[in-house]
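A.B. asks: Dropping the structure in here first, questions after.
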Amino acid sequence: MPWRVPPGSASLSAPIASGSGVSVTSGAPIPSGSGNAEPPIDALSELASGRVAEGREGLSTTELGYTPHELPTLKGSGHPTFKNPEQRVYEVWVSEIMLQQTTVATVTPYYTKWLIRFPTIKLLAEASLDDVLAHWQGLGYYRRARMLHEGARWVIQNGIPQTAKEWLAVPGVGRYTAGAIASIAQNEPAPLVDGNVERVVSRLTANQASAKSLTDAAWKWAESQLLPGHPAQASPGDWNQALMELGATVCKPVNLLCRACPVQPWCQAFAESRVADYPAPKPRAEKKSLHHSVVILTHDGKFAIRPVPEGRWWAGLYEFPREASLEGLNLMTEATLSQFGQFNHVVTNHEITVDLYHAEAATPTQDLIWVTEEELTQYALPAPSQKALTLWKKSRAQKTLWEQETSPD
DNA sequence: TATCCGTGGTC
DNA sequence: TGACCAAGGAT
Ligand code: SF4
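Under our numbering, the first residue of the first sequence carries the number 1360, and numbering increases by one thereafter.
Here it is as structure tokens:
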């Protein structure tokens, strides 16, 4: 995510990180998080002299308080990324998919490793799905990885889309991602709306509509800002990022910073002193709880795993056998199960209580995949299986310690 | 169109 | 501590 601000390194009305000090790791430019500080942008005084005070021709990127801080440095680095438009497209594509519903801090290490393992679209297309999923392990929403993989194969077949509209045909790319790639990597004046933009628009226009209605309004507003002749068109990628960054760092869901907000003079919600009323709160889903039983089934130092069937949570990943009950596990194996732990795992609006069992199998049955702990790292395991493994190792270590302490000399 | 799909951080 | 959230897409 070379074009994104490292977390905490810049805020819109505070000193802006220049983006210097970009490090290069195996071909991937990564933000350092500690660029040189430039003088604060006095957004309000700029606005006071602003040509958009009447608000008719649209806001500009500068008026959102945004300075494009990464591109110059990366250009200066002479990195191949910026000599190769296709590579630029790929890196923006990967990061936009990873960042869906996921924070920059979480994504960053995955992004780095991803570009090392799958440096180009072609190499991603040629990789196996298992390999792809293994590099997504822990990021969640695994369908994204599968679609990105499919998308890479689509692009090898059909070529790189050249417009946001064309991007929509690529698996896993919806209208947000299409707009992001087209504007950031291909300089097309394509609008985009994500959760940040939707929230900002809701407040700027004092729109209390909920869900789809607000989304539609936000898209119309975003489109209107990028019409021909509007200042945002000069650098649509910067504009879009500025808008999202405004939402992420100033016009936040809670603890918003209206006093430092560069667009406060045009904010209808602020004018009404009702910023807390926008956007309308979403109805929250009911939380459900359920139980699962998981077995760490071992034989001769190997672990038994099996693929998660399609159509379920974690489809396509591999996990320790998991059933709805202990009875389910007993139907699966003849080995004697002994419980050694329990933990909770939250999946969206479900809280799963997982009972952990261990058993030593008499024989490695063919319906399961038997792997060493080393080989286990080659498989994508869902978080509950990862937790189970961690607890098993901890349990075994304590047992070993206990045996050592209590064994007679 | 409402629901499903994960996870880790924050307050 | 639990509720809420994060740069969505597919069905
Ligand atoms: S003034 Fe406050 S509510 Fe309005 S856009 Fe700025 S941060 Fe958001």
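Virtual Cβ for every residue (Gly too), placed ideally from N, Cα, C. Please read these numbers as outputs of a predicted model, since none were measured by experiment.
1. Flag A1628 as yes when its Cβ comes closer than 7 Å to any non-hydrogen atom of ligand 1, and as no otherwise.
2. Does the separation of the CB atoms of L1696 and Y1716 fall below 8 Å?
3. Using C-beta distances below 7 Å, list every residue in its chain close to V1556, excluding the 5 sequence neighbours before and after it, in chain order.
4. Please find out if some non-hydrogen atom of ligand 1 comes closer than 7 Å to the beta-carbon of Q1623.
5. For the stretch 1540-1559 and the stretch 1469-1488, state whether three or more C-beta atom pairs, one from each stretch, are separated by less than 8 Å.
6. In angstroms with no decimal places, state the Cα-to-Cα distance between L1423 and P1640.
7. Using only the heavy atoms of ligand 1, determine whether one of them is closer than 7 Å to the beta carbon of R1633.
8. Helix, strand or coil for L1498? Go by DSSP, reduced to three states.
9. Given 7 Å as the limit, tell me if L1423 has its C-beta closer than that to any heavy atom belonging to ligand 1.
10. Helix, strand or coil for I1540, going by three-state DSSP, please let me know.
11. By DSSP, does P1550 sit in helix, in strand, or in coil?
12. Assuming G1531 and M1506 are in contact, meaning their beta carbons sit under 8 Å apart, how far apart are those beta carbons, in whole angstroms?
13. Quick check: what's the CA-CA separation for D1401 versus V1653?
14. Taking Cβ positions, are E1450 and L1483 nearer each other than 8 Å?
15. Take every Cβ of the stretch 1732-1740, pair it with every Cβ of the stretch 1664-1676, and state whether three or more of those distances are shorter than 8 Å.
16. Just checking R1505 against ligand 1 - is the residue's beta carbon closer than 7 Å to any of the ligand's heavy atoms?
17. Should R1643 be labelled buried (16 or more other beta-carbon atoms within 10 Å of its own) or exposed?
18. Less than 7 Å between C-beta atoms, sequence neighbours within five positions excluded: which residues of the same chain meet that for V1559?
19. Near W1526, which residues of its chain fall below 8 Å by C-beta distance, leaving aside the five closest residues on each side in sequence?
20. Could you check whether A1570 and Y1637 sit closer than 8 Å to each other, using their CB atoms as the reference points?
21. Give a single yes or no on whether R1681 has its beta carbon closer than 7 Å to a heavy atom of ligand 1.
22. Three-state secondary structure (DSSP) at E1445?
23. At a threshold of 7 Å, does L1615 count as lining ligand 1 (C-beta to nearest heavy atom)?
24. Quick one: Cα of G1670 to Cα of R1502, how far?
25. Can you give the Cα-Cα distance for A1504 and Q1584, rounded to whole angstroms?
26. Where does D1553 land, buried or exposed, given buried means 16+ other C-beta within 10 angstroms?
27. Roughly how many angstroms lie between the CA atoms of A1464 and T1722, to the nearest whole one?
28. Which residue from V1448, T1461 and K1524 puts its Cα closest to that of A1511?
29. Which two residues bound the contiguous alpha helix (DSSP H) that contains E1719?
30. Which value, in whole angstroms, describes the spacing of the CA atoms of F1702 and G1497?
31. For K1516 and P1743, I'd like the C-alpha separation in whole angstroms.
32. Going by C-alpha distance, which of L1573, P1587 and A1493 is nearest G1417?
33. Report the three-state DSSP secondary structure of I1655 (helix, strand or coil).
34. How many Å lie between L1748 and L1735 at the Cα?
35. Could you tell me the distance, in whole angstroms, from the CA atom of H1508 to the CA atom of T1522?
36. L1616 to Q1600, Cα distance in whole Å?
C.D. replies: In terms of the structure at hand:
1. Checking every heavy atom of ligand 1 against the Cβ of A1628, one is found closer than 7 Å.
2. In this structure, Y1716 lies closer than 8 Å to L1696 by Cβ.
3. Only A1577, A1581, L1602, M1603 and G1606 meet the Cβ criterion.
4. It does: the Cβ of Q1623 is within 7 Å (strictly closer) of some heavy atom of ligand 1.
5. Too few Cβ pairs lie closer than 8 Å, so no.
6. Looking at the two C-alpha atoms, the distance is approximately 25 Å.
7. Every heavy atom of ligand 1 is 7 Å or more from the Cβ of R1633, so no.
8. L1498: coil per DSSP, three-state reduction.
9. L1423 Cβ: outside cutoff for every heavy atom of ligand 1.
10. Per DSSP, reduced to three states, the secondary structure at I1540 is helical.
11. It is coil, neither helix nor strand.
12. That belief holds up - the Cβ atoms of G1531 and M1506 are roughly 3 Å apart, short of 8 Å.
13. Confidence in D1401 is poor, its pLDDT being 32 and thus under 50, which makes the residue's placement unreliable; the coordinate value appears in the next sentence. Between D1401 and V1653, the C-alpha separation is close to 57 Å.
14. With contacts defined by Cβ atoms closer than 8 Å, E1450 and L1483 do not form a contacting pair.
15. The stretch 1732-1740 vs the stretch 1664-1676: in contact.
16. For ligand 1, not one heavy atom lies less than 7 Å from the Cβ of R1505.
17. Result: exposed.
18. Taken in chain order, the residues that qualify are L1602, L1605, G1606 and C1610.
19. Same-chain partners within the cutoff: P1520, V1532, T1536, A1537, I1540 and A1541.
20. Taking 8 Å as the Cβ cut-off, Y1637 and A1570 do not qualify as a contacting pair.
21. Distance from the C-beta of R1681 to the nearest heavy atom of ligand 1 is not below 7 Å.
22. E1445 falls in the helix class under three-state DSSP.
23. L1615: yes, Cβ under 7 Å from ligand 1.
24. For G1670 and R1502, the gap between their C-alpha atoms comes out near 11 Å.
25. Take the alpha-carbon of A1504 and the one of Q1584: they are about 32 Å apart.
26. Classification of D1553: buried, given that the 10 Å Cβ count is 16 or more.
27. So the two alpha carbons sit approximately 44 Å from each other.
28. A1511 has its Cα closest to that of V1448, out of V1448, T1461 and K1524.
29. Per DSSP, E1719 lies in no alpha helix (DSSP H) segment; the continuous beta strand (DSSP E) that holds it begins and ends at H1709 to E1719.
30. F1702 and G1497: Cα-Cα distance of roughly 17 Å.
31. For the sequence presented, residue 1516 should be read as Gln rather than Lys. Roughly 37 Å separates the two Cα atoms.
32. Minimum Cα distance to G1417 is reached at P1587.
33. In the three-state reduction of the DSSP assignment, I1655 falls in the strand class.
34. So the alpha carbons of these two residues sit roughly 10 Å apart.
35. Taking the straight line joining both Cα atoms gives about 20 Å.
36. Between L1616 and Q1600, the C-alpha separation is close to 18 Å.
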